[in-house]
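Engineer: Sequential numbering of the sequence shown, starting at 2, is according to our numbering.
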Amino acid sequence: MAPCVESHGLRGRPLVGWAAALALAVGLAGCVDGPGHGAGRLQLRLRAVFDLPTERLDAQGRWQTAHGYALALTSLEWTPAAIALLGAEAVSLPFDPAKPPDGYSNCHQWHCHKADGTLPTYAEIAAELRGGVVPAASLEAKASPGVLVWTQPSPSPREATLQGCAEAGCELEEGSLVALRVDVSGLRVRGTVVSTSVTTAGTLPTQGLPLDIAVADPLRWAVGLPPAASVRVAPGEPYLRRLDVVVRLGAGALDGVAMAELVGGGAATNAANAASALAAGVVDLSAVTAALVDVQETP
Numbered sequence: 002m003a004p005c006v007e008s009h010g011l012r013g014r015p016l017v018g019w020a021a022a023l024a025l026a027v028g029l030a031g032c033v034d035g036p037g038h039g040a041g042r043l044q045l046r047l048r049a050v051f052d053l054p055t056e057r058l059d060a061q062g063r064w065q066t067a068h069g070y071a072l073a074l075t076s077l078e079w080t081p082a083a084i085a086l087l088g089a090e091a092v093s094l095p096f097d098p099a100k101p102p103d104g105y106s107n108c109h110q111w112h113c114h115k116a117d118g119t120l121p122t123y124a125e126i127a128a129e130l131r132g133g134v135v136p137a138a139s140l141e142a143k144a145s146p147g148v149l150v151w152t153q154p155s156p157s158p159r160e161a162t163l164q165g166c167a168e169a170g171c172e173l174e175e176g177s178l179v180a181l182r183v184d185v186s187g188l189r190v191r192g193t194v195v196s197t198s199v200t201t202a203g204t205l206p207t208q209g210l211p212l213d214i215a216v217a218d219p220l221r222w223a224v225g226l227p228p229a230a231s232v233r234v235a236p237g238e239p240y241l242r243r244l245d246v247v248v249r250l251g252a253g254a255l256d257g258v259a260m261a262e263l264v265g266g267g268a269a270t271n272a273a274n275a276a277s278a279l280a281a282g283v284v285d286l287s288a289v290t291a292a293l294v295d296v297q298e299t300p
């Protein structure tokens, strides 16, 4: 049976928003029948890089924060859950991101900050404003089980695998895909953190503080594709294409973590704040790259 895809609307759910990256070939589950479908096929490759500039490494190779601490990394782990491509109609908005609707603020990179702490995508906000009606479909692929692990920074991308359609690509409807969304089900950083400046001296034990920050809530991150990487499916367009996406895990991921607060009686309470800071800072959204490659002109 030939691979096929399912089109469906975005469903809002309480997620903390970001997504780190993966390297994968995407498969989409389900089928679409009827005229107008099968105008093209798409392979999707999304890769993650965790690398640090030299100014973020001290003489011992530890990961320096911006506030006088350094981490001897044991591991950085994350678990991809799903990836989706959003159609042009899904991001045709009934609101101006520069003037968010009540209950929302700081709209950027295809999501807004909501008063309850979640980061819904523009499409989800549009659906809420329209009474739950999503005017356009998205293509979503679930990730195969697996955790990507870094024990040290590296310029080499890590790869994860999504289900199906790795080589043949996934069947697409006519239209345009202009935004990318990644869901992640796990994020964890482990190591030993030490004070490295006069201003932070004495805030941590002399031998360093064992650090284990785990983000328990699912994470969501969405970003618009550059015009050159947006996918248009129409007669005369190449039949099989591949979208190569690379996302970099940010050197500033730990900058928002208040290390001193993780010591003593308030450690348990402040661990939740540390996890939120890690989730918010782990991806460098400004460093996203995407390239659309023609693979086959005709079926």
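Idealized CB from N, CA, C, for every residue including glycine.
Using 9 Å as the limit for Cβ to Cβ distance, is THR197 near chain C?
Structural biologist: Here there is only one protein chain, and chain C is not present.
Engineer: Look at VAL294 and LEU212 and say whether their C-beta atoms are less than 9 Å apart.
Structural biologist: The residue given as residue 294 occupies position 293 in the sequence shown. The residue given as residue 212 occupies position 211 in the sequence shown. No, the pair does not count as a contact, with Cβ atoms beyond the cut-off.
Engineer: Straight-line CA distance for ASN274 to VAL258?
Structural biologist: By 1-based counting over the sequence shown, the position of residue 274 is 273. By 1-based counting over the sequence shown, the position of residue 258 is 257. C-alpha separation (whole angstroms): 8 Å.
Engineer: Terminal residues of the continuous beta strand (DSSP E) containing TYR105?
Structural biologist: Residue numbering aside, residue 105 sits at position 104 when the sequence shown is read from its first letter. Its beta strand (DSSP E) spans residues 105-109.
Engineer: Ignore the nearest five residues each way along the sequence and tell me which others in THR207's own chain have a CB closer than 8 Å to its CB.
Structural biologist: As a position in the sequence shown, residue 207 is number 206, starting the count at 1. Cβ within range, chain order: n/a, list empty.
Engineer: What does the alpha-carbon distance come out to for the pair SER196 and GLY62?
Structural biologist: For the purposes of this step, residue 196 is identified with residue 195 of the sequence shown, where counting begins at 1. For the purposes of this step, residue 62 is identified with residue 61 of the sequence shown, where counting begins at 1. Their Cα atoms are separated by approximately 14 Å.
Engineer: Could you give the residue range of the alpha helix (DSSP H) that holds ALA128?
Structural biologist: As a first step, residue 128 is located in the sequence shown; it is residue number 127 there, counting from the start. Where ALA128 is concerned, the enclosing alpha helix (DSSP H) stretches over 123-130.
Engineer: Suppose the cutoff is 8 Å on Cβ atoms and the five residues either side in sequence are ignored; what does the same chain contact list for ALA217 look like?
Structural biologist: If you number the sequence shown from 1, residue 217 lands on position 216. Here the set comprises ALA276.
Engineer: Under three-state DSSP, which class holds ARG57?
Structural biologist: Against the sequence shown, residue 57 aligns to sequence position 56. Correct three-state label for ARG57: helix.
Engineer: Quick check on the burial criterion: 16 or more other C-beta atoms within 10 angstroms. Buried or exposed for LYS115?
Structural biologist: In the sequence shown, the residue the question calls residue 115 occupies position 114. By the 10 Å Cβ count, LYS115 comes out buried.
Engineer: In its own chain, which residues sit with a C-beta less than 6 Å from the C-beta of SER106, not counting the 5 before and 5 after it?
Structural biologist: In the sequence shown, residue 106 corresponds to position 105, counting from 1. Taken in chain order, the residues that qualify are HIS114.
Engineer: Indicate the three-state DSSP secondary structure (helix, strand or coil) for GLY192 in the structure shown.
Structural biologist: Within the sequence shown, the letter at position 191 stands for residue 192. Strand.
Engineer: Thinking C-beta only, is LEU205 closer than 9 Å to ALA261?
Structural biologist: Against the sequence shown, residue 261 aligns to sequence position 260. Against the sequence shown, residue 205 aligns to sequence position 204. Yes.
Engineer: Ordered along the chain, which non-local residues of its own chain (more than five positions away) have a Cβ less than 7 Å from that of THR200?
Structural biologist: As a position in the sequence shown, residue 200 is number 199, starting the count at 1. Answer for THR200: GLY69, listed in chain order.
Engineer: Along the chain, where does the beta strand (DSSP E) that runs through TYR70 open and close?
Structural biologist: Counted from its first residue, the sequence shown places residue 70 at position 69. First-last of the beta strand (DSSP E) with TYR70: 70-88.
Engineer: Does the beta-carbon of PRO121 have 16 or more other beta-carbons within 10 angstroms, so that it is buried, or is it exposed?
Structural biologist: The residue you call residue 121 lines up with position 120 of the sequence shown. Burial call: buried.
Engineer: Check whether the Cβ atoms of GLN185 and PRO219 sit closer than 9 Å, and answer yes or no.
Structural biologist: Stepping through the sequence shown from its first residue, residue 185 is reached at position 184. Stepping through the sequence shown from its first residue, residue 219 is reached at position 218. The question names Gln, but residue 185 in the sequence shown is Val. Taking 9 Å as the Cβ cut-off, VAL185 and PRO219 qualify as a contacting pair.
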